[in-house]
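Note that the numbering used here has the sequence shown beginning at 22, numbered continuously upward.
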Amino acid sequence: MEQEMQKKVMLSGIQPSGDLHLGNYLGAIKNWGARAEEFDCYYFMADMHTITVRQNPADLRRRTLEQLATYIACGLDPEKNTLFIQSHIPAHAELGWVLNCYTMFGELSRMTQFKDKSAKHADNINGGLFTYPALMAADILLYQPDYVPVGNDQKQHVELTRNVAQRFNNIYGDVFKIPEPYIPKTGARIMSLNDPSSKMSKSIPDGCVFLMEKPEDIQRKFKRAITDSDTERCVRFDPENKPGVSNLMSIYAAVTGKTMEEIEAEFDGQGYGAFKPAVGEAVIECLRPIREEAQRLLADKAYLESVYRAGAEKASYVANKTLRKVYKKVGFVAR
Ligand code: TRP
22 MEQEMQKKVM LSGIQPSGDL HLGNYLGAIK NWGARAEEFD CYYFMADMHT ITVRQNPADL
82 RRRTLEQLAT YIACGLDPEK NTLFIQSHIP AHAELGWVLN CYTMFGELSR MTQFKDKSAK
142 HADNINGGLF TYPALMAADI LLYQPDYVPV GNDQKQHVEL TRNVAQRFNN IYGDVFKIPE
202 PYIPKTGARI MSLNDPSSKM SKSIPDGCVF LMEKPEDIQR KFKRAITDSD TERCVRFDPE
262 NKPGVSNLMS IYAAVTGKTM EEIEAEFDGQ GYGAFKPAVG EAVIECLRPI REEAQRLLAD
322 KAYLESVYRA GAEKASYVAN KTLRKVYKKV GFVAR
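As C-alpha cells, this is what we get:
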C-alpha cells in the first residue's frame, strides 16, 4: 500500500468502436502489462464516446467485452491494473457537464478530430461530437493522473484538457492535477500490408491483421502483402527504398525478437516468396495464445463481470472524490 501511494498515476481510454489489430498490439498494448510495475494504471473502455457516431447496439456491447477480454489476454493483469467501462461510472457524465461550462466554443471548434469526423459523418454532426473533448477532459481529470498515454491524434485533446483544468484551478484553487501526455518510447509503428505509406488501420481491412482473425485469413493477407518493385528482390531493411519489405521485417522483428541483421541473414539468398509466409506464420504463432485466451475469457462471462465490477468499484471511489470537490467548489448544495 505504501508503495502504491507513491506510484505515479496513468490513465487511458480506448473506444470500443473497432476490432483490435496487430498495429494496436505491437505498437501499444503489448507494452502495457509491464507498466503496472512502475505506475498505478487505469484503462477504460470509452463506450460513451463511441455513440457520438451511430453504433449498432449489439456490436457495441460485444466489442466492449471483447476488448476487455483481449486486453487481459495480452497481459494486462486486472489485479494490477484498474480496468473499467466508462458508462459504469456516472461521474464521467457529471463532471463532463460541469467542464462543458468551462470549455469555450472557440476551443471546441478548433479540434481537428471534430472537423475530420464532421466531414466524415456529415449527416450526423451532433452536439456530443462537438463537446466530446469536455467529456474526455472529465475522463482524465477525475483520476488526477500524472500521465495520459495517447497517440499523436489525441495530443490536441490532452492539451485542451490541460487548458480547461488550468482555467478551473485559476478560479477555484488547486482542484485538478495538470496531466502530461505520455508518448511511449517502446512500440513498433506498423504500416498497412497493402500500402506501406499508411498506418495499419481497420479502415483498410485487406492490409490489416485483426487479433481475433483466423490463421488462414492472416496467412492469406501476408502472402498478398505488397513488396517493393525494386530489382534486387532481397530481404533488406531499407524503409526509404523498400517500405513494404521493411514493414514486414519490423513485424517479424517485433513478434520474434530477432534483429534486422539476424532477419537479413536468415533470408539471405531467398526471395520474397519464402519471406512473406514466414512472417505470416510467426504472426499466427504470436497471436494464437492471445486469441485462445481471449476466447476462453469471453466464454467466462462471470469472470469478465467480476473484473469490470471490481474495476468500477475502485474507479468510482477515486472519481467520486474528485467530483464531490468540484461540486462543492462551484457552489452545489451537498446532498
Ligand atoms: N478520445 C480517445 C480516442 O479516440 C479515447 C479517449 C476517451 C481517451 N477518453 C479518454 C483517451 C481519456 C485518453 C484519456 O482514442
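C-beta atoms are modelled at their ideal positions from N, C-alpha and C, and glycine is treated no differently.
Three-state class that DSSP yields for residue i in the structure shown
| i | result |
| --- | --- |
| Lys358 | This structure leaves residue 358 out entirely; the chain is present only between 22 and 356. |
| Asn341 | helix |
| Lys297 | helix |
| Val266 | helix |
| Leu104 | strand |
| Phe231 | strand |
| Tyr123 | coil |
| Val30 | strand |
| Lys206 | coil |
Cβ-heavy atom distance, residue i to the ligand TRP, below 6 Å
| i | result |
| --- | --- |
| Met31 | no |
| Met66 | no |
| Val169 | yes |
| His113 | no |
| Asp160 | yes |
| Met157 | yes |
Residue from the options with nearest C-alpha to residue i
| i | options | result |
| --- | --- | --- |
| Val119 | Thr91, Ser108, Ala155, Ile106 | Ala155 |
| Asn145 | Gly127, Asn268, Arg75, Val300 | Arg75 |
| Thr207 | Thr248, Ile50, Ile284, Asn262 | Ile50 |
| Ala333 | Pro264, Tyr64, Gln27, Ala274 | Tyr64 |
| Pro202 | Ala114, Phe60, Tyr168 | Tyr168 |
| Leu86 | Met221, Gln36, Thr152 | Gln36 |
| Asn52 | Ala209, Thr124, Gln134, Pro166 | Ala209 |
| Asp98 | Lys28, Leu318, Asn341, His178 | Leu318 |
| Leu163 | Gly352, Arg312, Lys349, Leu344 | Leu344 |
| Arg56 | Asn102, Cys307, Asn268 | Asn102 |
Residue burial classification, residue i (beta-carbon count within 10 angstroms, cutoff 16)
| i | result |
| --- | --- |
| Asp195 | exposed |
| Asn173 | exposed |
| Asn242 | Going by the sequence as given, residue 242 is Lys instead of Asn. Buried: at least 16 other Cβ atoms inside 10 Å. |
| Cys122 | exposed |
| Ala355 | exposed |
| Gly294 | exposed |
| Ala159 | buried |
| Thr252 | exposed |
| Glu234 | buried |
Those runs of the alpha helix (DSSP H) which lie wholly inside the segment 33-93 and span at least 4 residues
43-48, 53-56, 68-71
Could you name each continuous beta strand (DSSP E) segment of 3 residues or more that falls completely within the segment 148-179, going from the start of the chain to the end?
168-170
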